[in-house]
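Worksheet for the structure shown next.
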Amino acid sequence: MPFLIGLSLLWAFLYWIFGGVIFSIVAILRMGRIHRARFGCLFSLSAVGMGVLAAWSGIRFSRPELIACHPPAALNALPTWQLWLEQFTCGIVGIVGAWVIGFVLLLIVGAVLLQVSKANSKSWIVNKKSQP
191 MPFLIGLSLL WAFLYWIFGG VIFSIVAILR MGRIHRARFG CLFSLSAVGM
241 GVLAAWSGIR FSRPELIACH PPAALNALPT WQLWLEQFTC GIVGIVGAWV
291 IGFVLLLIVG AVLLQVSKAN SKSWIVNKKS QP
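Residues in the sequence shown are numbered from 191 upward in steps of one, following the working numbering.
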């Protein structure tokens, strides 16, 4: 469980940084106006959710390799950092594969969020004073 939490935080951070850079470039090149706060908030939440999903999926996909590499009883004797490193190296194909799939999904979700956050879309907050 601690490995899942650490990997989730790492993946969410990497998704947030790399995805944020990509969508910043897209927003600049499109020369369109977007609601930056709306997009930033929704993209940050999406990056965290996708990070957790990718970490969980990666560990799930690489479960057979993790068990074959080290029996569960042998893992209890290792320090935490060494345990995490051993788990990552044993299941690297499933873990990194899930990261790549999650990043592609995050790009798709980000493109949808970019369309939702256009400046000409209706606001989510309705001012009751301006209603007839």
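Think of the CB as a built atom: it goes at the ideal place given N, C-alpha and C, for glycine as much as any other residue.
Computed from a predicted model, the values in this text were never measured in an experiment.
Setting aside the 5 residues that flank it on each side, G292 is surrounded in the same chain by W201, Y205, M240, G241, L243, A244 and S247, each with a C-beta closer than 8 Å to its C-beta; the list follows chain order.
Taking a contact as a CB-CB distance under 8 Å, the pair L297 and G230 does not count as one, their CB atoms being some 16 Å apart. Counting only the Cα atoms, I195 lies some 26 Å from L303. For A301, the enclosing alpha helix (DSSP H) starts and ends at I282 to V306.
Straight-line measurement puts the Cα of I249 at about 17 Å from the Cα of Q272. The C-alpha of V238 lies about 16 Å from the C-alpha of F193. Our two residues, Q277 and R226, have alpha carbons roughly 38 Å apart in a direct line.
Within the same chain, F233, G300 and L304 come within 7 Å of F213 by CB-CB distance, once the 5 residues on both sides are set aside. For N310, the closest C-alpha among the options I282, R223 and W274 is that of R223. Setting aside the 5 residues that flank it on each side, A288 is surrounded in the same chain by A244, S247, G248 and F251, each with a C-beta closer than 7 Å to its C-beta; the list follows chain order.
When the Cα atoms are used, P254 and I285 turn out to be separated by approximately 12 Å.
Sorting C280, I207, L197 and S198 by C-alpha distance to the C-alpha of I257 places C280 at the top.
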